[in-house]
Every structure is written in structure tokens, then in C-alpha cells.
Amino acid sequence: MCSTADLDLRLIPQCEPLWKQFRHMGRVHENYLSALTFGQVKFDTLGGSYDGKASKLDLNDYFERLEKCHCDIFANIRSDQVVSWFGDDVRPIIHLSRLLAHETLHHGQLILYWRALGYSFPKSWANWGEH
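Under my numbering, think of the first position of the sequence shown as 2, with each following residue one higher.
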């Protein structure tokens, strides 16, 4: 469905191309996962592990690696674990709720790209007015 040419789409000159939106979402996950591992939030745009370009295959591989990281890290969360959010210690469930809110922002951005490309949305989105 989404072509390599689609991944190069910029909505406006000030926006990054679509593929970089996906890369950024992956980096966001890496930052949140790192916080679960090390106990402290540190948002870093330079430390991401994605080294590909506008490639569906590379992006898909990246997200599959991230999914494995999620599973591995979630399997080892302790009941007494906290994550420091700039001095405010929160439980992993709050930390992950913040990830969900952050992810929702990026899903909204992706919707704009998807609409600009003229693609339809999954049928499962009909409940939210997207078809």
C-alpha cells in the first residue's frame, strides 16, 4: 500500500518526510523503554538505533525489533519499580500512560499524511469516524 515514494512525502516544507515520522515514533519508544531500564526519563533524539533511510523494509524491521524490546522489558518490570520524570517518581503504569498519550499525538500526525496520500483507513477505525 504505502510506497517508497509515499515515505518521502512532506505535507509542508517545515515538516519532515513521512518516513522520518515513523523513525521519530520509534525513537520515542526507545526513550520510554530506556527509562524503564535505567529508571530515568531522558528524551534524546540522537541515540536512536534506526540507521536506515526511506525504506519500508528497514522501518518494518526497526518496529519489529522495538516490539521485541517491549516484550523483553515488560516481562521484567518489578512491582516496586519507579521511573524518575525530572524528579517526579512514577510507577511504570503512569510512565506507559504517558507513552500512550505521546503516541496518540503522533498517530494524529500520521492521519494527516495518510489523508494527503489518499489512502483509506482500516475498517476497524469506523467507530472513530474514519472510513
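Ideal placement from N, C-alpha and C gives every residue a C-beta, glycine not left out.
Since the model is a prediction, treat every value here as computed from it, not as a measurement.
> Hey, how far is the Cα of Leu100 from the Cα of Leu34?
Replying inline: The residue given as residue 100 occupies position 99 in the sequence shown. The residue given as residue 34 occupies position 33 in the sequence shown. Distance between the alpha carbons of Leu100 and Leu34: 10 angstroms.
> The alpha helix (DSSP H) spanning Ser98 covers which residue range?
Replying inline: The residue you call residue 98 lines up with position 97 of the sequence shown. Taken as a continuous stretch (DSSP letters only), the alpha helix (DSSP H) holding Ser98 covers 93–118.
>> Please give me, in chain order, every unbroken run of the alpha helix (DSSP H) with length at least 4 that falls completely inside the stretch 16–97.
In response: 19–39, 57–75
>> Any beta carbon from chain D within less than 8 angstroms of Thr5's own beta carbon?
In response: Although the question refers to chain D, the structure presented lacks it and comprises just one protein chain.
> Does the beta-carbon of Phe39 have 16 or more other beta-carbons within 10 angstroms, so that it is buried, or is it exposed?
Replying inline: The count along the sequence shown starts at 1 and reaches residue 39 at position 38. Label assigned to Phe39: exposed.
>> Residues in the same chain with beta-carbon distance under 6 angstroms from Gln82, minus the five sequence neighbours each way, listed in chain order, please.
In response: Here residue 82 corresponds to residue number 81 of the sequence shown, with the count starting at 1. Within the same chain, Gln82 has close Cβ partners Pro93.
> Among Asp62, Tyr51, Asp89, which residue has its Cα nearest to the Cα of Asn32?
Replying inline: Against the sequence shown, residue 32 aligns to sequence position 31. Comparing Cα-Cα distances from Asn32 to each of Asp62, Tyr51, Asp89, the minimum goes to Tyr51.
>> Counting beta carbon pairs with one atom in the stretch 55–67 and one in the stretch 105–125, are three or more of them shorter than 8 angstroms?
In response: no
> Shortest alpha-carbon distance to Ser80 belongs to which of Pro123, Ser98, Trp86, Val91?
Replying inline: Within the sequence shown, numbered from 1, the residue matching residue 80 stands at position 79. Answer by Cα proximity: Val91.
>> Give me, in chain order, the residues of the same chain whose beta-carbon lies closer than 6 angstroms to that of Phe44; leave out the 5 immediate sequence neighbours on both sides.
In response: Locating residue 44 in the sequence shown gives position 43, counting from the first residue. So the qualifying residues of the chain are Asn32.
> Would you call the CB atoms of Cys3 and Lys54 closer than 8 angstroms?
Replying inline: Sequence index remark: in the sequence shown, residue 3 carries index 2 (1-based). Sequence index remark: in the sequence shown, residue 54 carries index 53 (1-based). Contact: no.
> Can the beta-carbon of Ser85 be found closer than 8 angstroms to that of Val42?
Replying inline: Position 84 of the sequence shown, counting from 1, holds the residue named residue 85. Position 41 of the sequence shown, counting from 1, holds the residue named residue 42. Cβ atoms of Ser85 and Val42: closer than 8 angstroms.
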